[in-house]
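Participant: After the structure tokens below, expect a handful of questions from me.
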Amino acid sequence: MKKSMKVFALALGMLPFAAFSYPKAETFEEATGLVKDDGLVVVFVYADGWDKHSRRTAELMMNDAEVSKVLSNDVVMTLPLPNLGGKEQDEKLKARFGKLRVPTPDSIPGVNVYTKEGRVLASLSIPFKERKKPALLAKRLLALKKAHATQGKLMAQAEQATGPEKARLLGEAAFIQGISRPDNVQKMIQQADPENKSGMEKVISLNLPHYAIGTAGTKDWEKSLAEVKELQKNSHFSKEQQQQLCCIAIGLLRRHGGMQHKAELKEMITRLRKIDPDSILGQSALDAERLWVRELNLIEGWSPDVIPTEKVPTEIVGPLPIKEPGTYEVTFNYLRGSHAARFSAVELYDGKTKVAEDCHNGNSGHKSSNNVYTLTVSKTVRKPRLYVTFDMAVNRDSYGRITVVKK
């Protein structure tokens, strides 16, 4: 290659956004005039002057062949964001985007995707670990476009339907994962099916984040858990909504259920992952199980992770030195933490049969009192199971060891 050609090629490679095979626009009005019937307006958001890596990442993504191929039917815009906003910035945004809502991605750089009518279809962040992997963004954009096409088909089918069937189709369109709901879809569902024969009105109107806040302060957690489980039976919820319901149930079980609900907690965490293993919530299920499905272990002792907030018996698992008849002492020895541990009972079972108990209020902290529980065993215990009842609804930052000895 001649020297002049090499210089020209190098200059081309250094030009920002030089390799795209899609039309670009400066304003949204211009973009809507260029976009094809099934196309979208894709806005690359990056930092203007305060993060050079952000702009370089946006350029890398826009110039990538795979990203360019995915966006071949779309129109691309850029949105450089200054470090500080202000009146001048607002005027520039208004001139370019009109009355459109301009969401900021969870992280910058990012990508905002609009329909040609101006609906925000999605706002995608580009995580730091993916900043040099445009193929991952291409994959996400392709999935988004497929979801948009599916939503469009459902909306078209709904236009030809009536009554509960129309409501069902509208509901399915509203809950396509990864993209926003069609405009006014809740009102359309209510108009199509005023008696809610399809069950969609309940699904579309339920504000799960608000519902989650309500359950967090519930006085009857078992009733709230039953309501969540009933909602989970509704097959119309999207995968994301089903996972959110799982999270609400996990929160209730974690805060109130006690260790006797450990199996139920594990089952709900497993369900959270099974619904969509690749989603953020699905991936978090592994950590939830590792951190929260814990047992009160005789060797490890107690900690905030295993102390229930309800005053319920919690099993102490581990090699229990209880077998022969006699008198046994269960002692709670505080190690560290901001709070003393408080107890109200220790019970011994042989399988499912209670054989001994000591019920009194005790605590183990910097100054312990009544922290030894005495169990009188009259016959051989074949399957010993030991339970302690904590009395620690609040102030649970406490760590300690448990000893069981025969006198």
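Count the sequence shown with our numbering and you get residues 494 to 900, in order. Beta carbons are placed, not taken as given, at the ideal position from N, Cα and C, and that holds for glycine. Note that the coordinates shown come from a computational prediction; the quantities given were computed from them, not determined experimentally.
Relative to the C-alpha of Lys-609, which candidate in Pro-687, Phe-730 and Gly-532 has its C-alpha closest?
Facilitator: The candidate whose alpha carbon is nearest that of Lys-609 is Gly-532.
Participant: Among residues of its own chain, excluding the 5 on either side of Leu-779, which ones have a beta-carbon nearer than 8 Å to its beta-carbon?
Facilitator: Arg-766
Participant: For the beta strand (DSSP E) containing Val-534, name the first residue and the last one.
Facilitator: 533-540
Participant: Decide if Arg-589 is buried, meaning its Cβ has at least 16 other Cβ atoms within 10 Å, or exposed.
Facilitator: buried
Participant: Report all residues from its chain with a CB closer than 7 Å to the CB of Ala-524; omit the five preceding and five following residues, and keep chain order.
Facilitator: Take Ala-524, set aside five residues on each side of it, and the residues of its chain with a beta-carbon closer than 7 Å to its own are Ala-518, Val-534, Val-568 and Met-570, in chain order.
Participant: Got a sec, what are the start and stop residues for the alpha helix (DSSP H) Pro-657 sits in?
Facilitator: 656-667
Participant: Closest to Leu-452 by CA distance: which of Gly-542, Leu-577 and Val-528 is it?
Facilitator: Lying outside 494 to 900, the shown extent of the chain, residue 452 is not represented and no answer is given.
Participant: Using C-beta distances below 8 Å, list every residue in its chain close to Ser-862, excluding the 5 sequence neighbours before and after it, in chain order.
Facilitator: Gly-855 and Asn-856
Participant: Excluding the 5 residues preceding and the 5 following Gln-644 in the sequence, name in chain order all residues of the same chain whose CB lies nearer than 6 Å to its CB.
Facilitator: Correct list, in chain order: Ala-666 and Ile-669.
Participant: When you compare only the Cα positions, how much space is there between Arg-661 and Glu-723?
Facilitator: CA-to-CA, the gap between Arg-661 and Glu-723 works out to about 19 Å.
Participant: Pro-573 by DSSP, collapsed to three states: which one?
Facilitator: strand
Participant: In the DSSP assignment, the beta strand (DSSP E) including Asp-851 goes from what residue to what residue?
Facilitator: 846-857
Participant: If the criterion is Cβ atoms closer than 7 Å, does the pair Gly-844 and Lys-876 meet it?
Facilitator: yes
Participant: Could you check the C-alpha separation between Ser-731 and Glu-760 for me, to the nearest Å?
Facilitator: Going from the Cα of Ser-731 to the Cα of Glu-760 covers about 20 Å.
Participant: As an exercise, report each continuous alpha helix (DSSP H) stretch of at least 4 residues that is fully enclosed by the region 545-629, in chain order.
Facilitator: 545-556, 558-563 and 580-590
Participant: Rounded C-beta distance between Trp-795 and Gly-893? I'm assuming under 8 Å.
Facilitator: 5 Å
Participant: Starting from Ile-895 and walking both ways along the beta strand (DSSP E), at which residues does that stretch end?
Facilitator: Start and end: 892-899.
Participant: How should His-641 be labelled, buried or exposed, when 16 other C-beta atoms within 10 angstroms of its C-beta is the threshold for buried?
Facilitator: The C-beta of His-641 has 16 or more other C-beta atoms within 10 Å across all chains shown, which makes the residue buried.
Participant: Would the beta-carbon of Val-560 be found less than 6 Å away from any heavy atom of the ligand NAP?
Facilitator: No copy of the ligand NAP appears in this structure; indeed no ligand is present at all.
Participant: Quick one: give me the first and last residue of the alpha helix (DSSP H) that Leu-758 is part of.
Facilitator: 755-768
Participant: Kindly indicate the opening and closing residues of the alpha helix (DSSP H) around Leu-868.
Facilitator: No alpha helix (DSSP H) holds Leu-868; the beta strand (DSSP E) holding it covers 865-870.
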